[in-house]
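The structure appears right after this line, and notes come after that.
2 protein chains.
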Amino acid sequence: MIVQTQTTRPPQAAKVADAKVEISIFADCPDVIGVGSIYQQNEEIYGEGELADQVYKVLRGVVRTYKLLDDGRRQIAAFYFPGDIFGLEPGENYSATAEAVVIAQVAVFQRRQIHAAASSSIEVARELWSRAAQNLHHAESHMLLLGRKTALERVEAFLVEMSQRSQRSGHVNLPMSRRDIADYLGLTLETVSRTLSQLQSEGGLQLSGARRIELRSRKLMGAMATAA
Amino acid sequence: MIVQTQTTRPPQAAKVADAKVEISIFADCPDVIGVGSIYQQNEEIYGEGELADQVYKVLRGVVRTYKLLDDGRRQIAAFYFPGDIFGLEPGENYSATAEAVVIAQVAVFQRRQIHAAASSSIEVARELWSRAAQNLHHAESHMLLLGRKTALERVEAFLVEMSQRSQRSGHVNLPMSRRDIADYLGLTLETVSRTLSQLQSEGGLQLSGARRIELRSRKLMGAMATAA
DNA sequence: CGGGTGATTGAGCCCGCTCAACTCTCGTGG
DNA sequence: CCACGAGAGTTGAGCGGGCTCAATCACCCG
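Next up, the structure:
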């Protein structure tokens, strides 16, 4: 595992901090590994089952967490975008593997710091619970998608989720490959590709390059009401 | 919603308490609705989106939580057995519906009591986080099942999970219907039934009545090593 | 302009679904 | 005690959505 540590604070770091109102302990809590580590595309950040001694916050880039079966079948549990926390475990070991989807800068915190902060502050302890519950809610919704939705519904739901997490205006920039999308949605990459083509031919969206999508239909723009 | 409140402590309650070593706040925290409410088979305990003002602990019976799509497609997120807590939300509303699978006795706690306990005790706050994370780990494993496993693998995993949660000896008693199993595994009830028949014909198990199963193959007895 | 990775598209198949008939179980009442 | 009915489970036949395998295309670097 290669970890490059930045020794000087890059200009982006301040910008990222601005972008999110910090009610979090992670705003105060100093990250011991400097301002952030950089992980290259597809580089592993931690592996499932490893000792969960660090907690991470995405500063730039995107991270995926996933589980594997013996024969290589993969299920991506979640994508993490700037501002998101991952690797936060009350137990001893990580329950999934984390990798950088694209080159990513992450803040690294020591597990014991988090625990210490939670021991001295009820607000922090409450926030840990709250974050775990948010992840659980996402997982419950995703189980409904994986267990009961059609390929078309899954891809539509994915586009809505990505557009909500991206900036505004109906333009979605997908940082991940078709294979990543497929492994997130429980489909094959061919089915994802076909479904996107189908949505384009029906006028629901416009692909401009495989990873840039302009949403056209009202249905795919569920998040447009938020924050004009 | 019909809630019958027991006014006298039934003999089973003490037995249930013995069955689980209580490190939990829920052992100390008095449940304000007496010793337990009884819910009839298929009776709703709370609905998705309702105000999450109560937390529940199963004393007897089994509970399911699930989400629905508009057209009735259902995904069961989890089954809760005696000793399990459900309905524990940091947010305002329940994220899924809860129903009794069979007639169930549950202890009922007020949300504000839990929050008060968490505010005065780090151990309690830590336990809330830990329970949420356990549920999240279960959900992550279930996403892998729903997104990537075959029907046979799903049914096998279900039997292993149920045998782990039941008592010992390779005998599994299924309290839920084939439809419940199917909605938990992301299959149809016919596929569940066919797969069980297939496992029986291959000698992996023996059905004695639809809801009583004797596990035969080593593969389906993953939990046998635990607690002789 | 050429090489390589990622994405798209096509053809055919198969696993799990749909629709339907039958069986089993169990409770209820004669 | 048996007859009956209703709900749950099983089994069968056929279909189809998404998968597999494969070829082609698009884009990005050099």
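Residue numbers (my numbering), protein chains in the order written: chain X, 125 to 352; chain D, 125 to 352. Just so you know, even glycine gets a beta-carbon here, dropped at the ideal spot from N, CA and C. These figures come from a predicted structure and were not determined experimentally.
DSSP beta-bridge partners of residue i
{"i": "residue 191 of chain D", "result": "D:199"}
{"i": "residue 223 of chain X", "result": "X:168, X:188"}
{"i": "residue 204 of chain D", "result": "D:187"}
{"i": "residue 283 of chain D", "result": "For residue 283 of chain D, which the question treats as bridged, DSSP gives no partner whatsoever."}
{"i": "residue 175 of chain D", "result": "D:217"}
{"i": "residue 181 of chain X", "result": "X:209, X:231"}
Where residue i falls, given that 16 or more other Cβ within 10 Å makes a residue buried
{"i": "residue 213 of chain X", "result": "buried"}
{"i": "residue 145 of chain D", "result": "Its pLDDT being 31, under 50, residue 145 of chain D is placed unreliably by the model, and the measurement read from it follows with that caveat. With fewer than 16 Cβ atoms within 10 Å of its Cβ, residue 145 of chain D is classed as exposed."}
{"i": "residue 321 of chain D", "result": "exposed"}
{"i": "residue 336 of chain X", "result": "exposed"}
{"i": "residue 181 of chain X", "result": "buried"}
{"i": "residue 252 of chain X", "result": "buried"}
{"i": "residue 93 of chain X", "result": "No answer is possible for residue 93 of chain X: the residues shown for chain X start at 125 and end at 352."}
{"i": "residue 333 of chain D", "result": "exposed"}
{"i": "residue 217 of chain X", "result": "exposed"}
{"i": "residue 215 of chain D", "result": "exposed"}
{"i": "residue 128 of chain X", "result": "Note that residue 128 of chain X has pLDDT 41, beneath the 50 cutoff, so the model's placement of it is unreliable and no number is given."}
{"i": "residue 178 of chain D", "result": "buried"}
{"i": "residue 196 of chain X", "result": "exposed"}
{"i": "residue 326 of chain X", "result": "exposed"}
{"i": "residue 240 of chain D", "result": "exposed"}
{"i": "residue 191 of chain D", "result": "buried"}
{"i": "residue 236 of chain D", "result": "exposed"}
{"i": "residue 160 of chain X", "result": "buried"}
{"i": "residue 287 of chain D", "result": "buried"}
{"i": "residue 264 of chain D", "result": "buried"}
{"i": "residue 303 of chain D", "result": "exposed"}
{"i": "residue 194 of chain D", "result": "exposed"}
{"i": "residue 164 of chain D", "result": "exposed"}
{"i": "residue 259 of chain X", "result": "buried"}
Enclosing alpha helix (DSSP H) for residue i [first to last residue]
{"i": "residue 263 of chain X", "result": "246-272"}
{"i": "residue 320 of chain X", "result": "313-325"}
N- and C-terminal bounds of the beta strand (DSSP E) containing residue i
{"i": "residue 308 of chain X", "result": "Unbroken run through residue 308 of chain X is the alpha helix (DSSP H), 302-309; no beta strand (DSSP E)."}
{"i": "residue 291 of chain X", "result": "Residue 291 of chain X -> no beta strand (DSSP E), and no H or E assigned at all."}
{"i": "residue 338 of chain D", "result": "336-339"}
{"i": "residue 329 of chain D", "result": "329-331"}
Contacts that residue i makes with chain D (C-beta to C-beta distance below 7 Å)
{"i": "residue 215 of chain X", "result": "257"}
Cross-chain neighbours of residue i in chain X, by beta carbon under 7 Å
{"i": "residue 275 of chain D", "result": "The premise fails here: residue 275 of chain D is roughly 12 Å from chain X at the closest Cβ pair, so nothing lies under 7 Å."}
Chain D residues whose Cβ lies nearer than 9 Å to that of residue i
{"i": "residue 219 of chain X", "result": "257, 260, 261, 264, 265"}
By the 8 Å beta-carbon criterion, what residues does the segment 195-210 of chain X contribute toward chain D? Cβ contacts with chain D: 197, 198, 199, 201.
Along the segment 239-256 of chain X, what residues have a CB closer than 8 Å to any CB found in chain D? Listed by position along the chain: 242, 243, 246, 249, 250, 252, 253, 254, 256.
Interfacial residues, the segment 262-273 of chain X to chain D, with Cβ spacing under 8 Å: Cβ contacts with chain D: 263, 264, 265, 266, 267, 268, 270, 271, 272, 273.
Residues of the segment 172-193 of chain D with a CB closer than 9 Å to any CB of chain X: list them in chain order, please. Taking a C-beta cut-off of 9 Å against chain X, the contacting residues of the segment 172-193 of chain D are 189, 190, 191, 192, 193, listed in chain order.
Output needed in chain order: residues of the segment 300-329 of chain D with a Cβ under 7 Å from some Cβ in chain X. Result list: 310.
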